[in-house]
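Note that our numbering gives residue 1287 to position 53 of the sequence shown, counting from 1, and the numbers run on in steps of one. Idealized CB from N, CA, C, for every residue including glycine. Only a predicted model underlies this, so the values are computations on that prediction, with no experimental measurement involved.
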Amino acid sequence: MVQRMPFEAQNALRGEVSAFDALAKSAARLKSLRAAIPGTADATWSKLSAGVTVVAEARPAVEAIQAANQEVRELAPKLLSDLGDLGSSVGVQSLKA
1235 MVQRMPFEAQ NALRGEVSAF DALAKSAARL KSLRAAIPGT ADATWSKLSA
1285 GVTVVAEARP AVEAIQAANQ EVRELAPKLL SDLGDLGSSV GVQSLKA
């Protein structure tokens, strides 16, 4: 589980929304396992937990980027078409000037 968490974090930051949920689930599972075993609180575990929190806080930004990316994909064909129409209406000589 601990080895899987960095991959879940990477995938989440790459835009896989389901990876945020998987990372949160792994973190919760790890937290419960650590609570069941005495003497597992040290700086390394705290650092891992802090890293998971940082990735989780990035979720709104990653989702906003994903939404903007999708919007650009939808608008790009129309923009190219409109630019072609503009070029046709103005003429090649006017564009060169």
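Cα-Cα separation, Leu1247 to Val1236: Approximately 18 Å between the Cα atoms of the pair.
Where the alpha helix (DSSP H) containing Met1235 begins and where it ends: Counting along the chain, Met1235 sits inside no alpha helix (DSSP H), nor does DSSP assign it H or E at all.
Straight-line Cα distance separating Phe1241 from Leu1267: Looking at the two C-alpha atoms, the distance is approximately 20 Å.
Contact under 7 Å by Cβ, Arg1307 with Phe1254: Phe1254 sits away from Arg1307, with the two beta carbons spaced by 7 Å or more.
Test item: CB-CB of Met1239 and Ser1260 under 7 Å: Less than 7 Å divides the Cβ of Met1239 from the Cβ of Ser1260.
Member of Ala1256, Asn1245, Gly1249 whose CA lies at the smallest distance from the CA of Ile1299: Of the listed residues, the one whose Cα sits closest to Ile1299 is Gly1249.
Whole-angstrom C-beta distance between Ala1258 and Ala1290, which should lie under 8 Å: Indeed they touch by this definition, with Cβ atoms about 6 Å apart.
Euclidean distance between Cα positions of Ala1270 and Pro1311: Spanning the two alpha carbons is a distance of roughly 56 Å.
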